[in-house]
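Chemist: Letter by letter, the sequence shown follows residues 1 to 97 in UniProt numbering. Questions regarding the structure given below will be posed in turn.
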Amino acid sequence: MYFILLSFAAQKDRLAEFLEGHKAWLQQGFEDGVFLAAGSMTDGEGGAILAVGESEEALAGRVAQDPFVTGGVVEPEIIGVAPTMMDPRLDFLRAGE
């Protein structure tokens with residue numbers, strides 16, 4: 001399981017220019033079954049995505065294709081998480097273990 005943090009970068013003012021491409025990129029991640037949740041950070045400094053089902057290398061390649069990343073709007077950080085405790089409602093996430 002991975003958390004992808006997309007923190008606004010120097011080109012933040014160009015967000016509107018890349019927004020539709022970013023939305024299409026997100027939609028593709030959901031359709032591929034890799035993205036489980038995505039949204040804005042509550043501090044207004046970017047966004048975050050919960051991802052599963054790909055290696056970190058494959059996920060890094062996917063993130064590198066985000067128009068926000070290629071356009072310099074955000075700087076990505078991929079954080080791998082190996083849960084040791086999880087609410088039973090999230091047992092479906094254990095299927096890939």
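For each residue, glycine too, the CB sits at the ideal point set by N, CA and C.
Using only the alpha-carbon positions, how far apart do Leu50 and Met1 sit?
Modeler: About 7 Å.
Chemist: Which same chain residues, not among the five before or five after Val69, have their C-beta less than 7 Å away from its C-beta?
Modeler: Excluding sequence neighbours, Val69 sits near Val63, Pro76.
Chemist: Rounded to a whole number of angstroms, what is the C-alpha to C-alpha distance between Ala60 and Glu20?
Modeler: Ala60 and Glu20: Cα-Cα distance of roughly 21 Å.
Chemist: What residues in its chain sit with their C-beta under 7 Å from that of Leu26, if we drop five residues either side in the sequence?
Modeler: Correct list, in chain order: Phe35, Ala38.
Chemist: Closest to Ile78 by C-alpha separation, out of Ala48, Ser40, Ala24, Phe18, would be which residue?
Modeler: That would be Ala48, whose Cα lies nearest to the Cα of Ile78.
Chemist: Quick check on the DSSP output: the alpha helix (DSSP H) that includes Val69 runs from which residue to which?
Modeler: Looking at the DSSP string, the run of the alpha helix (DSSP H) that includes Val69 is 67 to 70.
Chemist: If you measure between the beta carbons of Gly71 and Gln11, is that distance less than 8 Å?
Modeler: In contact: Gly71 and Gln11 (Cβ atoms closer than 8 Å).
Chemist: Which residue comes first and which comes last in the beta strand (DSSP E) that contains Glu75?
Modeler: Note, Glu75: beta strand (DSSP E), 74 to 80.
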